[in-house]
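In numbering that gives the first Met the number 0, the protein residues as written are 0 to 1011. Here a beta-carbon is modelled for each residue, glycine too, at the ideal position from N, C-alpha and C.
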Amino acid sequence: MRFPTSQPSSNRSATSRREKIAILGGGMASLSAAFALTDTPALRERYELTVYQDGWLLGGKGASVRNREAHGRIEEHGLHVWLGYYENAFTLLRRCYEELGRPPGAAMRTLRDAFVKHSAIVVGEQTSRGWEHWSVDFPQTDEWPGDGRPLPTPVESLRGATLQVLRYAMDWWKEWRGGLPDADGVAGQLQGLLKHVLTLRAPLLAGRAARALAEGVGSVLDRLRALARRDLEASADLRRLWVVLEFSAVCLIGLLREGVYGPSGDFEPLDELEFSEWLRKYGASDMTVSSGLVRAFYHLAFCDGGGAGAGLALLGMIRMFTCYRGAIFYKMRAGMGETVIAPLYEVLRRRGVRFEFFHRVERLELSGDQRRVDRVVIGRQATPRSGEYHPLIEIDGLPCWPEQPLYEQLVEGEALARHGARFASFWSDWTPVEQRTLRLGEDFHHVVLGISLGALPFVASELIAASPRWQRMIEHVKTVRTVSMQLWVTTPIGQLASNAGAPVTTAYQVPLETWADMSHLVPVEGWRERDGVRGILYACGQLGRGDEPVAVNDPRASDRAALEDIARGFLEENLTHIWPGGADSHGRLRWEALFDPEGRTGPERLRAQYLRVNAEPSDRYVLSLPGSQKHRIAPDESGFEGLILAGDWTRTGYDLGCIEAATMSGLMAARALGAPVSIVGEVPRKRAGPRVALPRYIDRPGEMSLRSPYVLEEVSMNALVLGARRDALGALLDRYLNIPARGHVRYVPAAPFVVLAAAFAGRAFSGDPEHRRLGYMPETDVAFWVPAWAMRPGKGRLIPDRLVWFLPHIFVSTGAAAAAGREIYGFPKSVVEVEVRRSSEHALDYLSLVGEVLARNTPETCGTRARILEVTRSNASPGPLRSVGDMIGDLVRPFDSSGEWASSLARSFTADGVTIAFLKQFRDVHHTDRACYQAIIEAKAAVRTVRGYGPIPGAFQVRWDDYASHPFTADLGLEPGGQKALAATWVDFDFVMESGREIFRADERGPLAAIG
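The following block contains the structure:
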């Protein structure tokens, strides 16, 4: 592979017109932000990105190198295994590989070439009999993550978890019933609960039904627990089955009682309790809390010392066990550097992103009023001879990162080679060759701070001093040192722990508690038969508890010596539990089993292995301690103008230290700057309040423009499906969304129909604590709903990203509803008189809207009040009673042979919420043909409780007059004057109209979402 010798220049002539974004740090979050910010030609025309990176490596805690002085072997930051629910990270990387377009026959050409599915995990348990192994092989499927599909909805996840718990209970009962006749009485209760859950419609599995289900599961668990008081230690299999049952049931009961449902629920309130304390609160026994199952989480998340918040622990485990696709784990077929980081670098560079290597950020400096980052001071460590450093080398056709800089490309190369790669360390005494100061307005308009938390006290001290929120984050969000070890062995690994399937093993002796057989990398590293390498083992763990400050002096030499002592002791005393094939008859390591090209003997052979202590401030792992989540700062809430944050240390709602959290944070950072991104499994989070650059809104009595979110309770809605022309709907979306968005996002019709929905709310009020006290009003809303796909770039074409609904005409019964809807979201609401007649609780018989109309658009036309729309129902049925979902399937199927679009649309009628897209704008006071504010907004209407729903019998006729002020036929592609409904449904529910977000803002400086 040949690498280009100059930066892409297609947009250089437009550089002066583009907004400059300085991305500080080159970890996964920064690279994800850069990927999203350059994802379309329109974005590349708008932004000019520069990544400033210390040293010669990108990747942050995911960096890895190929050591050319040791046979080109892979040397990692730690043990990296991707989980099967990393939907955002896999999606981003899949699209990266597609764009990279490696030729047929190339190494790791596609995402599926780059990863291998893995389903075996072994958990260590220390019992009275010594170490025992709990081996589990998780089911595999033909699926792969990375297609951007949503995670299960909260209710779907809750229903699936309930069924799994009850099935575990059935399994346990079947094991016991032969020895305990009394257990037979539990069977009826179990079978009754199973039948109830299987027949219960998913949207009804909430509220009181959920709490009643918790009582039922708890009753079953109590009865089984009373029957199981004999010594469970007599059978390891039965004990483990009981641990899984009790753990799953306790988690389910707690989540039901706390009102938290599924992988997208709000888990943050649970985070105040430590995970083990939360389990005990809902009835877990000491046997379960101290089991390998629970300890495995603590070790995988490096939180064995200070513990973990219950909310994040539960969220992580729910996603790990119930949301994976294809396999629970995915191992990379090479190092993370060449599998993930190098492809992202290559694609971003092609897109025009500039990378300034050897640029260490020394500090961020604020403006005089402390409202914005005014300067970024950088120490340049070296000078590329050609003006640009080219970091990659090629090993067996694969672009890789070298173990040290390519000194021949650097003016200071000889001096740096003598100094060694230590110059990139936090504790380095290497003197920068130049100090650069980046200035606001000249070198950047926005800053993306992608440097990890441990380094912030050193590079962001001014920000910390100026902001109490930053001070709380630094005080409460902790980091911990980690260690890793890679062993190259001369004996085939064979069985690892109790499993011959190359498992990941965890919950063993700290600090090397997690191990993995990585022998699939032997051919990748190019070892031949005569070299003698037969297998590769990785191990990792945490060092300390997370309360140790960053060392003043370089601790790596002493840490390495300490790690060698730990490794030697572990290998001599405990290896037989992990790797029986490498141990002698006394359970100690056969030192000759370690590969050493220099032929050393005994423990000296450890010197040929790779041992690493991650003590650098930015290398330390970010912990998820109890109560710490609320002190994190979200990517778009830095509190300083123009500063966006990126990293797994930010507040994303999924605040665990992993590649998925880093990717989500990077995507959120890009979204804050106006990139149209979709984040799978995004968790709702409470915002920190108004952004500092926005003036406070002045409330005026009687104005009725209340703060969001808006809560609507006792809602009864009737929805009618009307066939419509796709070309008219496409023109509608172009006029009101796509043209104003200027290419930053594109919406297309999802189906050839619209929905006329009439919603009658008994109570509508502000969910803001201050405005809640103002009272409530009843409200009627009647609107045409247009289903649309928000598209994103795929391979050579646009593909659906997320389903939204656009409401071009909406009529309300109160001025309060009109004021808030128009001003906050951009709803085009008009106040009308509503007449309704019903003959049953759920179905309307007659609906009439009367309001102000203009029959024609002429200077002589006088506005008048007239009937705008009328709906009548007759008892005559147009055919078999059909659900809206069935009708949608029939309408969409000709355009979607796979049925996936139809399923998504149908689910939107019974899901836990829908997303609505708006054009929000205000006319300028002077240039009245212009908008002083114009933006594309999206907001979610989140369902709280569903009391019931179903199809409505009878035939519905909808009539309208095509007034110039209400051109339903032309706008929506409907029949002139009216038409019959294809299907109708009713639903009784409560919902919340959540705060929205700017997808794009027409503004010469860019979206204000970039302001803290």
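Would DSSP call ARG148 helix, strand or coil?
Within the sequence shown, residue 148 is the residue found at index 149, counting from 1. ARG148 falls in the coil class under three-state DSSP.
Buried or exposed: where does GLY305 fall if 16 or more other Cβ atoms within 10 Å of its Cβ makes it buried?
Taking the sequence shown and counting its residues from 1, the one referred to as residue 305 is at position 306. Buried is the call here.
Less than 6 Å between C-beta atoms, sequence neighbours within five positions excluded: which residues of the same chain meet that for LEU30?
Here residue 30 refers to the residue found at position 31 of the sequence shown. Only LEU343 meet the Cβ criterion.
Coarse secondary structure for ASN573, derived from DSSP in three states
Start at 1 with the first residue of the sequence shown, and residue 573 comes out as number 574. Three-state DSSP puts ASN573 in coil, outside helix and strand.
Which residues does DSSP pair with GLN408 in a beta bridge?
Locating residue 408 in the sequence shown gives position 409, where the first residue counts as 1. The partner list for GLN408 (beta bridge, DSSP) is empty, contrary to what the question assumes.
Which residues in the same chain as GLU615 place their Cβ atom closer than 6 Å to its Cβ, once the five residues preceding and following it in sequence are excluded?
For this step, residue 615 is matched to residue 616 along the sequence shown. So the qualifying residues of the chain are PHE425.
Nearest-angstrom Cα separation, counted from GLN408 out to SER385:
For the purposes of this step, residue 385 is taken as the residue at position 386 of the sequence shown. For the purposes of this step, residue 408 is taken as the residue at position 409 of the sequence shown. Roughly 7 Å separates the two Cα atoms.
Report the residue ranges of all beta strand (DSSP E) runs contained in full by the segment 566 to 616; include only those spanning at least 3 residues, in chain order.
609 to 613
Using the Cα positions of LEU806 and ALA633, report the straight-line distance between them to the nearest angstrom.
By one-based count along the sequence shown, residue 806 stands at place 807. By one-based count along the sequence shown, residue 633 stands at place 634. Approximately 30 Å between the Cα atoms of the pair.
Whole angstroms is fine: what's the gap from ARG1027's alpha carbon to SER994's?
The question about residue 1027 has no answer here: the residues shown for the chain are numbered 0 through 1011.
Distance check for GLY673 and GLU997, CA to CA, integer angstroms please.
Here residue 997 is taken as the residue at index 998 of the sequence shown, counted from 1. Here residue 673 is taken as the residue at index 674 of the sequence shown, counted from 1. When rounded, the distance between both Cα atoms is 7 Å.
ASN874: buried (16+ other C-beta within 10 angstroms of its C-beta) or exposed?
Locating residue 874 in the sequence shown gives position 875, where the first residue counts as 1. ASN874 comes out exposed.
Own chain, CB closer than 6 Å to HIS298, minus 5 neighbours either side, in chain order
On the sequence shown, position 299 is the one that residue 298 refers to. These residues qualify, in order along the chain: THR505, ALA506, GLU512 and THR513.
For VAL479 versus GLY378, is the C-beta distance shorter than 8 Å?
Within the sequence shown, numbered from 1, the residue matching residue 479 stands at position 480. Within the sequence shown, numbered from 1, the residue matching residue 378 stands at position 379. No, they are not a contact pair.
Exposure label - VAL679; buried when at least 16 CB within 10 Å
Your numbering for residue 679 matches position 680 in the sequence shown. Under this definition VAL679 is a buried residue.
Other residues of its chain near ARG529: CB distance less than 6 Å, five sequence neighbours each side excluded:
Here residue 529 refers to the residue found at position 530 of the sequence shown. Result list for ARG529: empty, nothing under 6 Å.
Which one or two residues does DSSP pair with GLU393 in a beta bridge?
Working through the sequence shown from its first residue, we reach residue 393 at position 394. Partner(s): PRO398.
Rounded C-alpha distance that separates THR968 from ASP146
On the sequence shown, position 969 is the one that residue 968 refers to. On the sequence shown, position 147 is the one that residue 146 refers to. So the two alpha carbons sit approximately 37 Å from each other.
Using beta-carbon positions only, say whether PRO625 and GLU271 come within less than 8 Å of one another.
By 1-based counting over the sequence shown, the position of residue 625 is 626. By 1-based counting over the sequence shown, the position of residue 271 is 272. Yes, these two residues count as a Cβ contact at 8 Å.
In this structure, does DSSP put PRO777 in helix, strand or coil?
Within the sequence shown, numbered from 1, the residue matching residue 777 stands at position 778. It is a strand residue.
Between the alpha carbons of VAL991 and GLU712, how many angstroms are there, rounded?
For this step, residue 991 is matched to residue 992 along the sequence shown. For this step, residue 712 is matched to residue 713 along the sequence shown. VAL991 and GLU712: Cα-Cα distance of roughly 9 Å.
Hey, ARG604 and LEU622: beta-carbon distance below 8 Å or not?
On the sequence shown, position 605 is the one that residue 604 refers to. On the sequence shown, position 623 is the one that residue 622 refers to. Going by C-beta atoms, ARG604 is not nearer than 8 Å to LEU622.
In DSSP terms, what TRP784 is bridged to:
Within the sequence shown, residue 784 is the residue found at index 785, counting from 1. In DSSP, TRP784 forms a bridge with VAL754.
Got a sec: does the ligand PLP put a non-hydrogen atom nearer than 7 Å to the Cβ of LEU711?
Only the bare structure without any ligand can be found here, which leaves the ligand PLP out of the picture.
State buried or exposed for ASN717, treating a residue as buried only when at least 16 other CB atoms are found within 10 Å of its CB.
To locate residue 717, count along the sequence shown from 1; it is residue 718. Around the beta carbon of ASN717, 16 or more other beta carbons lie within 10 angstroms, which makes this residue buried.
Helix, strand or coil for ILE998? Go by DSSP, reduced to three states.
Your numbering for residue 998 matches position 999 in the sequence shown. Reduced to three states, the DSSP call for ILE998 is strand.
Taking one C-beta from the segment 778 to 788 and one from the segment 753 to 763 each time, how about it: are there three or more such pairs within less than 8 Å?
yes
If you run the structure through DSSP and keep just helix, strand and coil, what is GLU214?
Along the sequence shown, one-based indexing puts residue 214 at 215. Helix.
By alpha-carbon positions, which one of ASP618, ILE936 and PHE34 ends up nearest to THR90?
In the sequence shown, residue 90 corresponds to position 91, counting from 1. Among ASP618, ILE936 and PHE34, the Cα nearest to that of THR90 belongs to PHE34.
Here's the rule I'm using: 16 or more other beta-carbon atoms within 10 Å means buried, otherwise exposed. How should TYR696 be labelled?
Start at 1 with the first residue of the sequence shown, and residue 696 comes out as number 697. With fewer than 16 other Cβ atoms within 10 Å, it is exposed.
Got a sec? Which residues, its chain only, sit under 7 Å from PRO510 by beta carbon, not counting five neighbours each side?
Residue 510 sits at position 511 when you count from the first residue of the sequence shown. Counting only Cβ-Cβ distances below 7 Å, and skipping sequence neighbours, we find VAL482, GLY540, GLN541, LEU542 and ILE565.
For GLY24, count the other beta carbons within 10 Å of its own beta carbon; 16 or more makes it buried, fewer makes it exposed. Which is it?
Reading the sequence shown from its first residue, position 25 is the one you call residue 24. Buried, because 16 or more other Cβ atoms sit within 10 Å of the Cβ of GLY24.
Simplified DSSP assignment, three categories, for MET517:
Working through the sequence shown from its first residue, we reach residue 517 at position 518. Coil at MET517, not helix or strand.
Comparing C-alpha positions only, which one of TRP487, LEU452, ARG67 and LEU237 sits nearest to ARG471?
For the purposes of this step, residue 471 is taken as the residue at position 472 of the sequence shown. For ARG471, the nearest C-alpha among the options comes from LEU452.
Write down the C-beta distance between PRO751 and ALA730 rounded to the nearest angstrom, noting that I regard them as a contact closer than 8 Å.
Start at 1 with the first residue of the sequence shown, and residue 751 comes out as number 752. Start at 1 with the first residue of the sequence shown, and residue 730 comes out as number 731. Actually they do not touch by this definition, with Cβ atoms about 14 Å apart.
Looking at the secondary structure, which residues open and close the beta strand (DSSP E) in which GLN494 lies?
On the sequence shown, residue 494 is found 495 positions in, with the first residue counted as 1. Taken as a continuous stretch (DSSP letters only), GLN494 belongs to no beta strand (DSSP E), as it is neither H nor E.
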